[in-house]
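Asker:
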């Protein structure tokens with residue numbers, strides 16, 4: 001069913017987004033202070049990151065940039081079995097307001113384009129003809145008596161729990177205890193930018209924090225150990241990420257690129273006749 005595949009895709013996408021450290025601090029942080037303490041840091045030779053400093057440094061740099069454009073694709077036998085292979089995802093993310101992050105995300109699934117917006121603390125989803133070209137509020141959909149309400153409420157809970165008020169320090173603590181291996185594995189040029197490559201193994205069942213708090217335990221157990229390869233530039237910003245989870249028939253690979261750090265992002269919540277209710281949507285689908 002398309003809705004179930006979409007739930008899997010958005011869940012996987014949010015987990016990957018959380019692992020980039022693309023979150024906003026909820027106040028002053030040591031990481032941010034460290035990033036601004038040395039004005040010459042961006043022109044000096046970059047210091048090799050360590051397991052202890054990795055997420056903290058990336059989070060500080062991303063907080064300062066505040067905005068980013070990301071593109072993500074899925075591959076592997078697990079993605080193929082779920083109907084997610086070749087389903088590209090693009091998103092503009094704005095964390096300049098730590099209490100109210102915003103995101104506009106677009107993905108293609110089964111030949112149809114789905115748009116999602118995070119704004120003003122709510123998630124909105126537009127699924128082409130299925131929503132008559134309008135947006136469905138996941139918060140309002142979850143309040144409906146319709147049998148499909150639980151699915152959309154679950155998707156909204158995962159998205160909000162993973163993105164709203166995310167704290168990179170919490171991500172660092174949550175992933176740090178789950179890292180089973182960390183090493184610098186080379187250098188590579190990404191879109192004309194020289195990057196250091198870091199390969200990290202993470203036990204998903206030992207992760208804590210906002211990126212996994214709302215994910216079911218059995219889902220994390222199925223993920224098992226993940227390999228995450230980060231491509232980090234001299235400003236300590238992620239330029240590329242490759243995340244592999246599962247193996248064999250269950251393998252899923254998420255490949256993401258990040259660009260436009262610090263460039264303006266315009267995300268607005270849909271209103272009025274741009275919105276559709278869950279009951280209206282299901283009535284249209286029933287024909």
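Residue numbers (this note's numbering): 1 to 287. The beta carbon of each residue, even a glycine, is placed where N, CA and C say it ideally should be.
#1: Less than 8 Å separating the beta-carbons of residue 202 and residue 178?
#2: State the Cα-Cα distance for the pair residue 251 and residue 191, rounded to the nearest angstrom.
#3: Classify residue 114: buried if its beta carbon has 16 or more other beta carbons within 10 angstroms, exposed otherwise.
#4: Counting pairs of Cβ atoms below 8 Å between the segment 265-279 and the segment 119-130, do you hit three or more?
#5: Counting only runs of 4+ residues fully inside the segment 114-165, write out the alpha helix (DSSP H) ranges in chain order.
#6: CB-CB under 6 Å to residue 257, same chain, minus the five flanking residues each way: which ones, in chain order?
#7: If we call anything under 8 Å between Cβ atoms a contact, is residue 146 one with residue 279?
#8: For residue 290, does the three-state DSSP call read helix, strand or coil?
#9: Specify whether the segment 51-58 and the segment 229-240 touch according to this definition: at least 3 beta carbon pairs, one from each stretch, less than 8 Å apart.
#10: Determine the DSSP secondary structure at residue 95, reduced to helix, strand or coil.
#11: Going by other Cβ atoms of all chains shown within 10 Å of its Cβ, with 16 needed for buried, is residue 233 buried or exposed?
#12: Should residue 131 be labelled buried (16 or more other beta-carbon atoms within 10 Å of its own) or exposed?
#13: Near residue 208, what residues of its chain come up, given a Cβ to Cβ distance below 6 Å and the 5 sequence neighbours on each side ignored?
#14: For residue 277, is the beta carbon positioned less than 7 Å from some heavy atom of the ligand FMN?
#15: Anyone know if the C-beta pair for residue 254 and residue 148 falls short of 8 Å?
#16: Contact defined as beta carbons within less than 8 Å: I believe residue 229 pairs with residue 104. What is the distance between those atoms, to the nearest angstrom?
#17: Assign residue 218 to buried or exposed, taking buried as 16 or more other Cβ atoms, counted over all protein chains shown, within 10 Å of its Cβ.
Answerer: Let me spell this out:
#1: In contact: residue 202 and residue 178 (Cβ atoms closer than 8 Å).
#2: Cα to Cα, the separation comes out at about 27 Å.
#3: So residue 114 ends up on the buried side.
#4: Yes, the segment 265-279 touches the segment 119-130.
#5: Within the segment 114-165, the complete alpha helix (DSSP H) runs of at least 4 residues are 138-142 and 149-163.
#6: A distance below 6 Å between beta-carbons, with the five flanking residues on each side excluded, links residue 257 to the following residues of its chain, in chain order: 71 and 240.
#7: A contact, by the Cβ cut-off of 8 Å.
#8: In this structure the chain extends from 1 to 287, so residue 290 is not present and cannot be described.
#9: Touching, yes, given that three or more Cβ pairs across the two stretches are closer than 8 Å.
#10: Three-state result, residue 95: coil.
#11: With 16 or more other Cβ atoms from the protein chains shown falling within 10 Å of its own Cβ, residue 233 counts as buried.
#12: With 16 or more other CB atoms across the displayed protein chains lying within 10 angstroms of its CB, residue 131 is buried.
#13: Excluding sequence neighbours, residue 208 sits near 174.
#14: This structure simply doesn't include the ligand FMN, nor any ligand for that matter.
#15: No, these two residues do not count as a Cβ contact at 8 Å.
#16: Going by Cβ atoms, the distance from residue 229 to residue 104 rounds to 27 Å, so no, they are not a contact pair.
#17: For residue 218, the number of other beta carbons within 10 angstroms of its own is below 16, and it is reported as exposed.
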